[in-house]
Amino acid sequence: MISFNVIWWLLAVVFNNKALPNPLDVYATLPKTLSQGMFDHSVASLRRIFIGVFIALVLGMAGGLLTGLSKQANKLLNPLLYLSYPVPKLALLPVVMILFGIGETTKIVMIVLIIVFQLVISIRDAIRNIDKENYYVLSTLGASKWQQIIHVVLPAILPETLSALRVTVGIATSVLFVTETFGTDKGLGFFIVDAWMRIDYLTMYAGIVMLSIIGSLLFILLDITDTMFCKWSKLRSGN
């Protein structure tokens with residue numbers, strides 16, 4: 012973080028251009044921009060991210076469990092996964108806009124599309140890698156299928172689920188920025204582009220910094236969740 016800001020400061024000094032302000036000036040203007048509306052824009056973006064992640068988690072868990080536990084479901088859904096997963100999700104933006112318009116729904120749907128396929132594949136593969144002896148132990152104790160899912164499957168897939176979220180949340184935030192540049196007057200994407208159009212570079216960079224802070228906080232939240240609920244995984248890997 013320090014090295015990044017040092018490089019930024021050096022570039023600002025070398026270029027001496029209003030389009031690349033000093034990072035100290037940008038950070039100094041953050042409280043002002045927050046009080047003048049950036050806070051509301053940040054909340055709007057966070058709300059979309061959390062709603063999108065929640066929906067993607069529900070769908071991803073359902074799809075991952077279904078394809079991981081059922082060979083028939085895996086055979087049925089595999090072609091769909093392999094055909095749709097490599098497609099750049101931004102390429103689907105025109106289709107999503109035609110189906111859902113340019114409002115709030117499109118922004119959330121794009122986040123879901125980015126996250127859900129990675130979740131399904133990661134959860135499915137995590138289930139496949141579970142040692143069969145773990146099931147046998149519970150079976151001999153008379154555990155039902157549902158109890159095996161709760162005590163074996165869910166703990167086993169949690170680390171992979173969090174890893175998939177780490178990979179996709181950053182991409183989802185980037186795509187959210189693109190979708191917030193149209194069809195809304197709330198969100199950091201709108202805030203940044205609006206400042207750019209007004210040639211207010213300090214405010215524009217303040218919005219970019221806030222977007223970076225939000226992304227960093229989401230990663231920290233995922234790391235804390237991983238530390239709290241996946242201690243056994245760290246012990247097993249020797250970390």
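Going by this note's numbering, the sequence shown opens with residue 12, and the numbers climb by one from there. We put the beta carbon where it would ideally sit given N, CA and C, even for glycine.
- Beta-carbon to beta-carbon, Gly63 and Ile134 are separated by about 18 Å, too far to satisfy the 8 Å threshold.
- Look at Pro99 here: in three-state DSSP terms it is coil, with no helix or strand label.
- The beta carbon of Leu77 is closer than 7 Å to those of Ala84 in its chain, skipping five residues each way along the sequence.
- DSSP places Asp237 inside the alpha helix (DSSP H), whose first and last residues are Tyr212 to Phe240.
- No residue range can be given for Pro32, since it is assigned to no alpha helix (DSSP H) and is classified by DSSP as neither H nor E.
- In the three-state reduction of the DSSP assignment, Asp205 falls in the helix class, which pools H, G and I.
- Between Leu70 and Tyr96, the alpha-carbon positions lie close to 15 Å from each other.
- Ranked by how close their Cα comes to the Cα of Thr179, the residues Thr236, Leu213, Ala137 and Met121 have Met121 in first place.
- Taking each of Asp237, Ser174, Ala175 and Val131 in turn and checking the Cα distance to Leu92, the smallest one comes out for Val131.
- Assignment of Ser56 by DSSP, reduced to helix, strand and coil, places it in the helix class.
- Three or more Cβ pairs drawn from the region 160-178 and the region 218-233 lie within less than 8 Å of each other, which places the two stretches in contact.
- If you look at Asn16, you'll find it in the alpha helix (DSSP H) that goes Ile13 to Phe26.
- Closest option to Arg58, judged by alpha-carbon separation, among Met108, Gly48, Tyr38 and Ile119: Ile119.
- Going by DSSP, Thr184 is part of the alpha helix (DSSP H) stretching over Leu165 to Thr190.
- Within the same chain, His162 come within 8 Å of Ala154 by CB-CB distance, once the 5 residues on both sides are set aside.
- As the crow flies, the alpha-carbon of Tyr146 is around 10 Å from that of Leu152.
- Between Leu199 and Ser56, the CB-CB gap stays under 8 Å.
- A straight-line Cα-Cα distance of about 15 Å links Gln47 and Tyr38.
- Taken through DSSP and simplified to helix, strand or coil, Ala154 comes out as coil.
- DSSP, reduced to helix, strand and coil, places Thr195 outside both helices and strands of the structure shown, so it counts as coil.
- For Phe188 and Leu169, the gap between their C-alpha atoms comes out near 28 Å.
- Note that the C-beta distance between Leu213 and Pro32 is below 8 Å.
- Boundaries of the alpha helix (DSSP H) around Ser133: Glu115 to Arg139.
- Ranked by Cα distance from Met108, the options Thr117, Leu101, Lys100 and Met208 are led by Thr117.
- Secondary structure at Asp51: helix, using DSSP grouped into helix, strand and coil.
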